[in-house]
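What follows is a short report on a single structure.
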Amino acid sequence: MDKSTTATLENTATITRRNFFRLLGGGVAVVVSQSCIYGWADSPAVGKDLTVDDDSIAAWIHIHEDGKVSVFTGKVEVGQNIRTSLAQVVAEELFVSIQRITMIMGDTLMTPYDAGTFGSRSIPYMGPQLRKAAASLRKALLEKAAKALKVPVESLRTEAGEIVHDASNSTLPYGSLTRGEKLLLPIDEEVALIAADSWTVAGTSVPKVNGHDFVTGKHQYTSDMALPDMVYGKILRAPAYGMTLVAADIEKARTIPGVTVVEAGDFIGVVAPDPQMATNALAAISVQWDASPQPSKADIFSYLKENAQQGREDDGTQRETRRVFDASENRLEHRVEVQYIAHVPLEPRAAVAQWDGSQLTVWTGTQRPFGVQEELAGAFSVAKEQVRVIMPDTGSAYGGKHSGEAAVEAARLAKAVGKAVKVVWTREEEFKWAYFRPAGLIEVAAALDSDGSIASWEFHNYNSGNAGIDFPYRARTKHIQYHPSRTPLKQGSYRGLAATANVFAIECMMDDLARQLRVDPLDFRLRQLTDERMQAVLETAAERFGWKEAKAAGHGFGIACGFVKNSYIATCAEVAYDRSDEQLHVIRLVAAYDCGAIVNPKHLENQVLGAILQGLGGALFEEIDFRDGRILNPTLSSYRVPRFSDIPPLDIVLIGRKDVPSAGAGETPIVGTAPAIRNAIADATGIKLHKLPMIPQGLKNN
Amino acid sequence: MATLKLTVNRKEYEVDADPQMPLLWVLRDFIGLTGTKFGCGIAQCGACTVHVGDAAVRSCSIPVESVVNQPITTIEGLSDDGSHPVQQAWETIDVPQCGYCQAGQIMTAVALLKQNPNPTDEDINASMTNICRCGTYNRIKKAIRLAAEEV
Numbered sequence: 001m002d003k004s005t006t007a008t009l010e011n012t013a014t015i016t017r018r019n020f021f022r023l024l025g026g027g028v029a030v031v032v033s034q035s036c037i038y039g040w041a042d043s044p045a046v047g048k049d050l051t052v053d054d055d056s057i058a059a060w061i062h063i064h065e066d067g068k069v070s071v072f073t074g075k076v077e078v079g080q081n082i083r084t085s086l087a088q089v090v091a092e093e094l095f096v097s098i099q100r101i102t103m104i105m106g107d108t109l110m111t112p113y114d115a116g117t118f119g120s121r122s123i124p125y126m127g128p129q130l131r132k133a134a135a136s137l138r139k140a141l142l143e144k145a146a147k148a149l150k151v152p153v154e155s156l157r158t159e160a161g162e163i164v165h166d167a168s169n170s171t172l173p174y175g176s177l178t179r180g181e182k183l184l185l186p187i188d189e190e191v192a193l194i195a196a197d198s199w200t201v202a203g204t205s206v207p208k209v210n211g212h213d214f215v216t217g218k219h220q221y222t223s224d225m226a227l228p229d230m231v232y233g234k235i236l237r238a239p240a241y242g243m244t245l246v247a248a249d250i251e252k253a254r255t256i257p258g259v260t261v262v263e264a265g266d267f268i269g270v271v272a273p274d275p276q277m278a279t280n281a282l283a284a285i286s287v288q289w290d291a292s293p294q295p296s297k298a299d300i301f302s303y304l305k306e307n308a309q310q311g312r313e314d315d316g317t318q319r320e321t322r323r324v325f326d327a328s329e330n331r332l333e334h335r336v337e338v339q340y341i342a343h344v345p346l347e348p349r350a351a352v353a354q355w356d357g358s359q360l361t362v363w364t365g366t367q368r369p370f371g372v373q374e375e376l377a378g379a380f381s382v383a384k385e386q387v388r389v390i391m392p393d394t395g396s397a398y399g400g401k402h403s404g405e406a407a408v409e410a411a412r413l414a415k416a417v418g419k420a421v422k423v424v425w426t427r428e429e430e431f432k433w434a435y436f437r438p439a440g441l442i443e444v445a446a447a448l449d450s451d452g453s454i455a456s457w458e459f460h461n462y463n464s465g466n467a468g469i470d471f472p473y474r475a476r477t478k479h480i481q482y483h484p485s486r487t488p489l490k491q492g493s494y495r496g497l498a499a500t501a502n503v504f505a506i507e508c509m510m511d512d513l514a515r516q517l518r519v520d521p522l523d524f525r526l527r528q529l530t531d532e533r534m535q536a537v538l539e540t541a542a543e544r545f546g547w548k549e550a551k552a553a554g555h556g557f558g559i560a561c562g563f564v565k566n567s568y569i570a571t572c573a574e575v576a577y578d579r580s581d582e583q584l585h586v587i588r589l590v591a592a593y594d595c596g597a598i599v600n601p602k603h604l605e606n607q608v609l610g611a612i613l614q615g616l617g618g619a620l621f622e623e624i625d626f627r628d629g630r631i632l633n634p635t636l637s638s639y640r641v642p643r644f645s646d647i648p649p650l651d652i653v654l655i656g657r658k659d660v661p662s663a664g665a666g667e668t669p670i671v672g673t674a675p676a677i678r679n680a681i682a683d684a685t686g687i688k689l690h691k692l693p694m695i696p697q698g699l700k701n702n
Numbered sequence: 001m002a003t004l005k006l007t008v009n010r011k012e013y014e015v016d017a018d019p020q021m022p023l024l025w026v027l028r029d030f031i032g033l034t035g036t037k038f039g040c041g042i043a044q045c046g047a048c049t050v051h052v053g054d055a056a057v058r059s060c061s062i063p064v065e066s067v068v069n070q071p072i073t074t075i076e077g078l079s080d081d082g083s084h085p086v087q088q089a090w091e092t093i094d095v096p097q098c099g100y101c102q103a104g105q106i107m108t109a110v111a112l113l114k115q116n117p118n119p120t121d122e123d124i125n126a127s128m129t130n131i132c133r134c135g136t137y138n139r140i141k142k143a144i145r146l147a148a149e150e151v
């Protein structure tokens, strides 16, 4: 293999045009190998300011002269612990210890473009990307060492950040090979990766890499940051949806020493030297608002149905499904109502913004730093390159921090006062003016054939979304449709999206069909399933739970399963209904989860537990109450989230599948909780609930 | 505005602040101790928990003037290096996910263990009313039990 041929134009196919000219311009040697073209950046001109194309190793991984490794990813850390798991996959492929790796995450200047951290994509997509970059880098290091040592590359191996030549008993540290220079080599898309069954670092429970800083209070969230001469901003907001500003008297606020009032059209904000002063200044503004009629919680479901978009033309499946349904003697119809719920990330939206001439830097907690960069560029009519968004590890998101409201607000105020400004939303602002998981109405109609198989399945989801809407069971005819609608409240992404609602509707119906047939709900599901991974999680959960065992009087068992984005959950619940005090108790939950090869078992279990518990809140009591566009429960005393005393014993079985690529795990486990509990309540009491949340006022009121 | 004398983590501070200002803001924005977090502002979530004497208090809801001349301890004052047994238990169990609530959880747990060195599950449920939205509750319980063995 010739490793020192100078590149010709024919050989440059895999180098982008931009990078190619840069390589030539920098006067660097270009090395050709069989599958791709490598360029070694020897020139000292190739420094920190040079941005590299995203198909280059240098865009993703950099080895410093001292052997430390920086890894660059646009993904962000919000508690899912990908700062740890992504470092693990790099450590695995690069043969370096995890302690040597620093993850640079979610910084629009430093990291390759990334659409955002959502949709359970970090592990299945960013994981392989970083593995390929690390493996390509390791391969390149071996080739470079072979050249330096004048030995065949096959005689070399890598270990703990060094190239080892056993025959001569010599070693070369990675850092001495690259001497801190960037590796402008394209990632080898075909590079061999280490199979999951040979992993030694990936696949183990490496503790949270920066965990120490979280138990000492040292970690700086956006809301903790302070820049020299920084001031604090607050924004005037309408009391309710649909209100517009008529007039505002800012005189009193303006004359408070140290306070500046910033007006720009409908935007009114204040800045002050401390947050209390900013809050007081805001309160000193008297405002006249104009209200417009807005829907209320009481009429939300008819509103969503009435405002649904015209559906696609029936291709015949709906008519046929309906015909089979009408002809069946054994049929059921459900109407499922799902309320708006809030993410309640414990760190509310926060941003610190600083202008330097026309250059803007914003630190903010967002799942989409590059999206917020675009938002800011648009808001201030500057080029994207003039805006840098940095995302410090953030106090959670759960799908609730896709947007950059606080970033734009802080930047607007900072521009007006010529100082760095910090904006931290209050809990009330977070409840009212972030966005919610969509409310939804679901109508399900199902019929059985005389042999107990499913004859027809008709499913309509209004507004909540189409995630998880597919019917995983066999059905002779089916018609499934999502109808987007108009939402009166701001709605957006949420952990699991609409899969929580759709799987709830599916699994409630499946259970009631089984009961109608007087067959065991587990057996009924297993018989109608075709996917062996779904069958496996059901059987595993049921066995761990003791599904077939006897239960105490007043107790009920429930089971449910679901899948989202290549991972599978089955959840079993035991509940008890105490008729004397009319209290429902969730006695225990057991879940089996399969997301393919496991990168970090402990952190995976944490994510599964977290999703199940978040599901518990939405299942039992979480809901946004609103009337005439006004949010009625925008506080943690009126909006209930799960607490210590709400948590039942939980038993999680992780099914490691080393033969299946790792899927993301932040979302899927949420979907099993609500239907498992609902079906257990039906088993214990005969009460069949069709609402999420199920028992915000207790079971007796249903 | 008034000049107030505070003792935080065994150090004396003089701050010029509105006497009614919640202790949380004085700690975070005047003294610069940002380990204590804002979560809800109405003493519901516990992210702002600090110690006044040995008692866990929610600093978002007490005026700074009410704690003048009393020893205040924040997460930064629990130990210099995270070596307090409760912090160590938290690290051993690898409790944090996003970590935002954990300073408050740790401060509440330390106060609980001082009062009750061997809490039962029921004791923990009754005393630990802090919210963790990531759902680390079970690991927090484990860490408290581990710390109880060590203390």
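Residue numbers (the UniProt record's numbering), protein chains in the order written: chain A, 1 to 702; chain B, 1 to 151.
Glycine included, C-beta positions come from ideal geometry on N, C-alpha and C.
Keep in mind that this is a model prediction, so the values were computed, not measured.
Checklist entry - By how many angstroms is the C-alpha of residue 161 (chain A) removed from the C-alpha of residue 155 (chain A)? => result So the two alpha carbons sit approximately 17 Å from each other.
Next on the checklist: Taking the beta carbon of residue 130 (chain B) as the centre, do at least 16 other beta carbons fall within 10 Å, making it buried, or is it exposed?
Outcome noted: Answer is buried; the Cβ neighbour count reaches 16.
Item to check | Separation of residue 270 (chain A) from residue 101 (chain B), as counted between CA atoms | outcome: Distance between the alpha carbons of residue 101 (chain B) and residue 270 (chain A): 29 Å.
Checklist entry - Any idea if residue 28 (chain A) is buried or exposed, counting beta-carbon neighbours within 10 angstroms, 16 or more meaning buried? => result Confidence is the limiting factor: at residue 28 (chain A) the pLDDT is only 28, short of 50, which leaves the residue's position unreliable, though a coordinate-based value still follows. Flag for residue 28 (chain A) reads buried.
Item to check | In chain order, each beta strand (DSSP E) run of at least 3 residues that lies wholly inside the segment 211-248 of chain A | outcome: With a minimum length of 3 residues, the continuous beta strand (DSSP E) runs that stay inside the segment 211-248 of chain A are 231-235.
Next on the checklist: Which residue marks the beginning of the beta strand (DSSP E) containing residue 136 (chain A), and which one marks its end?
Outcome noted: For residue 136 (chain A), no beta strand (DSSP E) segment is defined; the enclosing uninterrupted segment is the alpha helix (DSSP H) at 127-149.
Next on the checklist: Within 8 Å of any Cβ in chain B, is that where the Cβ of residue 169 (chain A) sits?
Outcome noted: Cβ-Cβ to chain B under 8 Å: no for residue 169 (chain A).
Checklist entry - Are the C-beta of residue 87 (chain B) and some C-beta of chain A separated by less than 8 Å? => result A Cβ of chain A is located within less than 8 Å of the beta carbon of residue 87 (chain B).
Next on the checklist: Would you say residue 419 (chain A) lies against chain B (beta-carbon separation less than 8 Å)?
Outcome noted: Contact with chain B is absent for residue 419 (chain A), since none of that chain's Cβ atoms lies less than 8 Å from the residue's Cβ.
Item to check | Helix, strand or coil at residue 677 (chain A) [DSSP, three-state] | outcome: Per DSSP, reduced to three states, the secondary structure at residue 677 (chain A) is helical.
Checklist entry - Is there at least one Cβ from chain A nearer than 8 Å to residue 96 (chain B)'s Cβ? => result It does; some Cβ of chain A falls within 8 Å.
Next on the checklist: Whole angstroms are fine: how far does the CA of residue 136 (chain A) sit from the CA of residue 175 (chain A)?
Outcome noted: Residue 175 (chain A) and residue 136 (chain A) have their C-alpha atoms some 16 Å from each other.
Checklist entry - Which same chain residues, not among the five before or five after residue 243 (chain A), have their C-beta less than 6 Å away from its C-beta? => result Taken in chain order, the residues that qualify are 289 and 291.
Checklist entry - So does the segment 311-321 of chain A actually touch the segment 478-488 of chain A, counting three or more Cβ pairs closer than 8 Å? => result The segment 311-321 of chain A vs the segment 478-488 of chain A: in contact.
Next on the checklist: If contacts are defined as beta-carbon pairs under 8 Å, then residue 148 (chain B) and residue 111 (chain B) qualify, I think. What distance do you get, rounded to the angstrom?
Outcome noted: Not a contact, Cβ separation roughly 13 Å.
Item to check | Distance between residue 622 (chain A) and residue 132 (chain B) (C-alpha atoms, nearest Å) | outcome: Approximately 15 Å between the Cα atoms of the pair.
Checklist entry - Applying a beta-carbon distance threshold of less than 9 Å, which residues of chain B neighbour residue 405 (chain A)? => result Ordered by position in chain B, no residue passes the 9 Å Cβ test against residue 405 (chain A), which lies about 18 Å from the chain.
Item to check | Among B:134, B:47, B:28 and B:103, nearest to residue 605 (chain A) - alpha-carbon criterion | outcome: Between residue 605 (chain A) and the set B:134, B:47, B:28 and B:103, the nearest pair of CA atoms involves B:134.
Item to check | Candidates B:143, B:17, B:12 and B:60: closest to residue 84 (chain B) by CA position | outcome: Of B:143, B:17, B:12 and B:60, the residue nearest in Cα terms is B:143.
Checklist entry - Just the Cα atoms here: how many angstroms apart are residue 151 (chain A) and residue 597 (chain A)? => result Distance between the alpha carbons of residue 151 (chain A) and residue 597 (chain A) is about 36 Å.
Checklist entry - Of all Cβ atoms in chain B, is any one closer than 8 Å to the Cβ of residue 286 (chain A)? => result No, no contact with chain B.
Checklist entry - Which two residues bound the contiguous beta strand (DSSP E) that contains residue 3 (chain B)? => result Residues 2-8.
Next on the checklist: On the criterion of 16 or more Cβ atoms from any shown chain inside 10 Å, does residue 698 (chain A) qualify as buried, or is it exposed?
Outcome noted: The residue in question, residue 698 (chain A), is exposed, as its Cβ has fewer than 16 Cβ neighbours within 10 Å.
Next on the checklist: Restricting to Cα atoms, I'd like to know which of A:66, A:241, A:214 and A:213 is closest to residue 629 (chain A).
Outcome noted: For residue 629 (chain A), the nearest C-alpha among the options comes from A:241.
Item to check | Beta carbon proximity, residue 688 (chain A) to chain B, threshold 8 Å | outcome: Closer than 8 Å: no.
Next on the checklist: For residue 108 (chain B) and residue 86 (chain B), I'd like the C-alpha separation in whole angstroms.
Outcome noted: Rounded to whole angstroms, residue 108 (chain B) to residue 86 (chain B) spans 10 Å at the Cα level.
Next on the checklist: Does residue 190 (chain A) come out as helix, strand or coil in the three-state DSSP assignment?
Outcome noted: Looking at residue 190 (chain A) - three-state DSSP - the assignment turns out to be coil, as it is neither helix nor strand.
Checklist entry - In or out: residue 246 (chain A) buried (at least 16 other Cβ within 10 Å) or exposed? => result Exposed: under 16 other Cβ atoms inside 10 Å.
Checklist entry - When DSSP labels each residue in this structure, what does residue 185 (chain A) get in the three-state scheme? => result The three-state reading of DSSP puts residue 185 (chain A) in coil, since its state is none of H, G, I, E or B.
Next on the checklist: Looking at the secondary structure, which residues open and close the beta strand (DSSP E) in which residue 71 (chain B) lies?
Outcome noted: It spans 71-73 - the beta strand (DSSP E) in which residue 71 (chain B) sits, taken as one unbroken run.
Checklist entry - Closest Cβ-Cβ distance between residue 16 (chain B) and chain A: below 8 Å? => result Closer than 8 Å: no.
Item to check | Contacts of residue 633 (chain A) in chain B (Cβ-Cβ under 7 Å) | outcome: Neighbours of residue 633 (chain A) on chain B: none; closest Cβ ~12 Å, over 7 Å.
Next on the checklist: To the nearest angstrom, how far is the alpha carbon of residue 497 (chain A) from that of residue 17 (chain B)?
Outcome noted: Note on geometry: alpha-carbon atoms of residue 497 (chain A) and residue 17 (chain B) lie some 45 Å from one another.
Checklist entry - Going by beta carbon distance, what residues of the same chain come within less than 7 Å of residue 74 (chain B), once the five residues before and after it are set aside? => result Closer than 7 Å at Cβ, skipping near neighbours: 8, 9, 27, 33, 35, 36 and 50.
Next on the checklist: Let me make sure I understand the geometry here. Which of A:689, A:430 and A:627 has the alpha-carbon closest to that of residue 349 (chain A)?
Outcome noted: Of all alpha-carbon atoms in A:689, A:430 and A:627, the one lying nearest the alpha-carbon of residue 349 (chain A) is that of A:430.
Next on the checklist: Taking 8 Å as the threshold (C-beta atoms), are residue 575 (chain A) and residue 695 (chain A) in contact?
Outcome noted: No, these two residues do not count as a Cβ contact at 8 Å.
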